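Written below as structure tokens is the structure these notes are about.
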Amino acid sequence: MSDKDELLRIEGIRKTFPGVVALDGVDFDLRRGEVHVLLGENGAGKSTLIKMLSGAYHPDGGRVLVDGEEVHIRGAQDAERLGIATIYQEFNLVPDLTVAENIFLGRQPRRLGMIDRKTMEADAEVLLKRVGVNVSPRARVRELGIARLQMVEIAKALSLDARVLIMDEPTAVLTSEEVDKLFAIVRSLREDGVGIVFITHHLEEIAALGDRVTVIRDGKSVGQVPATTPEDELVRLMVGRSIEQQYPRERGDTGPALLKVEGLTRDGVFHDVSFEVHAGEVVGIAGLVGAGRTEVVRAVFGADPYDKGTVQVAGAALRGHDVGAAMAAGIGLVPEDRKGQGLVLDQSVEENLGLVTMRSATRGGLVDLKGQRAAAARIAEQLGVRMAGLHQQVRTLSGGNQQKVVIGKWLLADTRVLILDEPTRGIDVGAKVEIYQLVNELTAQGAAVLMISSDLPEVLGMSDRVLVMAQGRIAGELDADQATQDSVMALAVSTNTVNTEKEAPRGH
Amino acid sequence: MATDTLRSGASAGGLRRLLLDNGALTALIVLVIAMSALSGDFLTTDNLLNVGVQAAVTAILAFGVTFVIVSAGIDLSVGSVAALSATVLAWSATSHGVPVFVAVVLAVVTGIAAGLVNGFLIAYGKLPPFIATLAMLSVARGLSLVISEGSPIAFPDSVSHLGDTLGGWLPVPVLVMVLMGLIAAFVLGRTYIGRSMYAIGGNEEAARLSGLRVQKQKLAIYALSGVFAAVAGVVLAARLSSAQPQAADGYELDAIAAVVIGGASLAGGTGKASGTLIGALILAVLRNGLNLLNVSAFWQQVVIGVVIALAVLLDTVRRKAGATPVAAGAGGPGGKGRQAATYGLAAVVTVAIVGATSFLHNDSSSTANPKVGLSLSTLNNPFFVQIRSGAQAEAKKLGVDLTVTDAQNDASQQANQLQNFTSSGLGAIIVNPVDSDAASNSVKAADKAKIPVIAVDRGVNNARTDALVASDNVTGGELAAKTIGEKLGGKGKIVILQGQAGTSAARERAEGFTKGLKAYPGIQVVAQQPADFDRTKGLDVMSNLLQAHPDVQGVIAANDEMALGAIKALGSKAGKSVSVVGFDGTPDGLNAVKDGTLYASVAQQPSQLGKIAVDNALKAIDGKKVEEMIKVPVKVVTKENVAGFTG
């Protein structure tokens, strides 16, 4: 049964986290010299799967075979020994070390106990040439742009003599020119016999680059098809049901403009951004990562400053860079980084739910803890937060329930304009639908919702209008009825805006 | 967790849970049991109240630090701010006649101001809390020295009652500690600012995006810490009836240790007032118990360090074992592992403490020998080590059980040690005060208990001592001045290295130098700088002075250690173009005199001081009459007479 070209085989892998079954019976295999695409929605389990191969997680069931032998990958060292290298969406590079140092981090060639810089830089040069990138090995990683960072990561993987290279959405942050270059490198690696696991959301990339496709849905592998499979068929496999069911948006009547943003500009980040969100309306913001979407909504919420423009809520102008003023006007923000910005992970459900209302529940310096508890209990019940009790630490909740807590704290504060930044990232399908229902209830009560999402079907399915951002500007606005994935993507990658400035470097 | 309340019944199961959930409490109980088993004097009402008093200052400081640590900051300045607040109170009330009530308000305002500056630098200046409060540590200490001009200031009597007892048995510092603890618990648990501390400490960005005014809260948090520091400073000074500019030196570390032992994480977001109280009590029980057990002063520090590490380790291991995901089935293998870990570590701690103390404490029990305690100001200096050697040799000869403690130049630690001596019923106490004013309350207490007190080297003010055994510092100072004057032929430039500001020895010797130099108008003193009786500081200060005055011909140092530091700085000049005169006649000093690098040392006879003090203590125990003032002669040792001289 074993194929001599087979590098890697996964059989019936299972992995559970408290409250969530992340993977439940996934099969996968990889041959020498092929690009095998992993396709699936956000939260389908792709990241969990590759974390098993890199040693970050250990499976609860099933087998992993490398070269036909069962292996247990318990850490990065095991993965490295087996020749498996992973390039994550977030790079694992040390900004203040040089390119060469990053490539050989922890394995620097040594002579007499000292790092042999000459050898290290010469070796790095060879690797960098192989990936076809023109970077000095002595350059500091901090000074490089996103695309080059990725090339450095690939060079690092090559330096490990990786036979299996896993790439998690490598094209999400690249321009189309950079994508072409990346594809050329991937193809040459394939010719060298490297097996590549490629994760992407861009269906057109599958036909351009892939050999085979494995589709994962709700933690199960639902099919393995050739890369030439038509896109419609791939989508059907991936979603497994009609889009109307998954995105239960109920459009109602819209009222007056609640949020009005005019000419909002922050030099070097976003420019001349204007839009309105009406009562009872959901406005989606689509665009590539790095297009400036999060930066705009953070500025609207007052979390970051802006240089020009105005923000008005129900006709009244808001002071810039003042979260308190934005909140008082009824704006709430559910941030993109749920754990890093939305929750106090070591505190309880009750305390997190009460965070926004704590000040208004304070009389003479004392917090009305009883009232806070009653309110938390009511909202947790209403949102159906699955927990052991109000005292459970938020850290131990599943992603979907954590997100409900973040949204819940804003619901308690009678928020009129709710900004959702990637509200369903990493959340299972069931919880997603519950969050969509919440959005429906909010707009039915006359609130306005502004939603950023990188998940195109979600933006199309849940928004009434879609704003598309590209390179810090609004590239266009589409009515939800007319918008398609193609039309949104066309705007998202458009460079024909009057923009002449370069995208500001983003820190990592 | 911050808000969990233990509603478990009085059942044994409830108690077990309480102990399992609270590593620090377990450690405290283990310690108390161990100490009671080892020392019959430990588990008495008097002694337990002593422990409370001794924990009070650390605990009050630590309550303030708890606020800061819960909000993921750190406050290193609390010890200095405590000293500054007390100094401001004493300075305004005693020296400037400000009404005491206003002076108390001023002290609290001082604490708030220091805290606000910290908070401002951190919240708006974006300085790391470590750096901002480290700067305040230095500034506040410096200001308290500036205001007090380096000398202790008597504390107003009305405020000094804070250091007394109520009804003759209940110490006020304990009451203040309990009150401040309740306030801290209330602030943390119920108030807006308290709840904000947990949110900010847990995730500052999430708190900010939820509308908490993080910067304003930080200002208030550090200000609160300042208030608690001010209260601690006032209590400390009240106990000693004197505001000492050098008080509470290093207490910030004790306070931080207490908070962390109490279960708070330096990463922020967790911590409770009750835990902090337990942490402070653990430190106090340890110090008290080790004193009672007569553990060598040097080993005490080792034991304290080990126990701090073990107490926190106990808590960490317990948490780790308990941190298995809730959904993975509570009470399963995780629960068992957690119990085993706790019991295992508790056993290790017990064995370590019992083993260490019984191994270390000098066997002194059940003999009919007279017992004497000797509290030395420091053992960091050969002079005092020699006092100890002289005393120990004499005690051995006379069959006296001698317990020696080291106050590490901290007046309040000495007060604790004297209190422990008094409550363990010694026959006599020999005290070498850190500060002559600050020791008075403790000596009064010993007088009340009818325990004879012999002061050695430095006197005690405002309290009766049966005898003072001392060298004459003023005469010695004059002799030093005379020696250098004659050596330089009555003409030349000299510098003077002074002792630690605030100590009587430094003052008296300086007085002697001035008196003695009057006879030599041709001698010009080009600089006088303190070098704190310390060799390293002597080296640094002398190096700096040489930059400004390369042509000095003579150096008078208020002790041999500083003289030896100065000799290092002078290099080959020492003993040739520059003559150095030291004070004390320590073995190192005498060796330098032999080598010719030190021209002369005004030699005290420290081992004689120790010997005579023990002799007199024994006389007092036997009810014989002792002289009130016993002067041990000083003499100038130069190369000519060094061979025949022994301390």
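Those protein sequence lines, which keep their order, are chains H and V. 39 is the number that full-length UniProt numbering gives to position 39 of the first sequence; each next residue is one higher, with no gaps. 274 is the number that full-length UniProt numbering gives to position 274 of the second sequence; each next residue is one higher, with no gaps. Think of the CB as a built atom: it goes at the ideal place given N, C-alpha and C, for glycine as much as any other residue. It should be emphasised that the depicted structure is a prediction, and the values quoted were computed from it without experimental measurement.
Comparing alpha-carbon positions, which option in 200(H), 223(H), 227(H), 195(H) lies nearest residue 207(H)? 227(H)
Measuring only between beta-carbons, confirm whether residue 22(H) sits less than 7 Å from chain V. no
Please report the residue range of the alpha helix (DSSP H) in which residue 527(V) lies. Here residue 527(V) belongs to no alpha helix (DSSP H); instead the beta strand (DSSP E) covers 523-530.
What do you reckon, are the CB atoms on residue 38(H) and residue 46(H) nearer than 7 Å? yes
Contact check, residue 212(V) vs residue 335(H), beta carbons under 7 Å: no
Cutoff 7 Å: residue 335(H) Cβ touching any chain V Cβ: By the rule that beta-carbons nearer than 7 Å mark a contact, residue 335(H) touches chain V.
Considering only the beta carbon of each residue, do residue 294(V) and residue 403(V) sit closer than 7 Å? yes
Quick one: measure Cβ to Cβ for residue 259(H) and residue 417(H), integer angstroms, because I've assumed they're closer than 8 Å. 5 Å
Using a C-beta cutoff of 7 Å, does residue 195(V) count as contacting chain H? yes
Does the beta carbon of residue 325(V) sit closer than 7 Å to a beta carbon anywhere in chain H? A caution first: residue 325(V) carries a pLDDT of 38, below 50, which makes its placement in the model too unreliable to give a value.
Rounding to the nearest angstrom, what Cα-Cα distance links residue 380(H) and residue 456(H) in this structure? Answer to the nearest angstrom: the Cα atoms are 29 Å apart.
Quick check: is the beta carbon of residue 327(H) nearer than 7 Å to any beta carbon in chain V? yes
Would DSSP call residue 579(V) helix, strand or coil? strand
Would you list the residues sitting across from residue 171(V) in a DSSP beta bridge? 165(V)
Got a sec: is the Cβ-Cβ distance from residue 45(H) to anything in chain V below 7 Å? no
Same chain, Cβ closer than 6 Å to residue 434(V), five either side skipped, listed in chain order: For residue 434(V), where only same-chain residues beyond five positions count, the Cβ hits under 6 Å are 377, 407, 409, 411, 414.
With a CB to CB cut of under 6 Å and the five nearest residues on each side skipped, what residues in its chain are close to residue 512(H)? Because chain H is modelled from 1 through 508, residue 512(H) falls outside the range shown and cannot be assessed.
Applying a beta-carbon distance threshold of less than 8 Å, which residues of chain V neighbour residue 365(H)? 191, 192, 193
Going along chain V in order, which residues have a C-beta closer than 7 Å to the C-beta of residue 324(H)? 211, 213
Roughly how many angstroms lie between the CA atoms of residue 137(H) and residue 71(H), to the nearest whole one? 35 Å
Within the continuous beta strand (DSSP E) that includes residue 226(H), where are the two ends? 220-226 is the extent of the beta strand (DSSP E) around residue 226(H).
Residue ranges of each beta strand (DSSP E) run of no fewer than 3 residues wholly in the stretch 450-512 of chain V, ordered along the chain? 453-456, 467-471, 492-498
Residue 29(V) versus residue 259(V): straight-line alpha-carbon distance, rounded: 17 Å
For residue 76(V) and residue 481(V), the rounded distance between their alpha carbons: 41 Å
Just to confirm the assignment, what range does the beta strand (DSSP E) spanning residue 86(H) have? 84-87
Apart from the five residues just before and just after residue 395(V), which ones in its own chain have a Cβ nearer than 8 Å to its Cβ? 372, 401, 402, 614
Pull up the distance between the alpha-carbon of residue 176(H) and that of residue 125(H), whole angstroms please. Near 26 Å, if we compare the C-alpha coordinates of residue 125(H) and residue 176(H).
Rounded separation between residue 569(V) and residue 546(V) - CA only: 8 Å
Taking Cβ to Cβ, would you say residue 60(V) is nearer than 7 Å to residue 136(V)? no
At least one CB of chain V closer than 7 Å to the CB of residue 400(H): is that the case? no
Buried or exposed, going by whether 16 or more other CB atoms sit within 10 Å of the CB of residue 360(H)? exposed
Helix, strand or coil for residue 269(H), going by three-state DSSP, please let me know. coil
Residue 664(V) - containing beta strand (DSSP E), residue span: This structure leaves residue 664(V) out entirely; chain V is present only between 1 and 647.
Taking 7 Å as the CB-CB cut-off, is residue 199(V) touching chain H? yes
Return the residue from the list 326(H), 88(H), 486(H) that minimises the CA-CA distance to residue 297(H). 326(H)
Buried or exposed: where does residue 150(H) fall if 16 or more other Cβ atoms within 10 Å of its Cβ makes it buried? Counting the other Cβ atoms within 10 Å of the Cβ of residue 150(H) gives 16 or more, which makes it buried.
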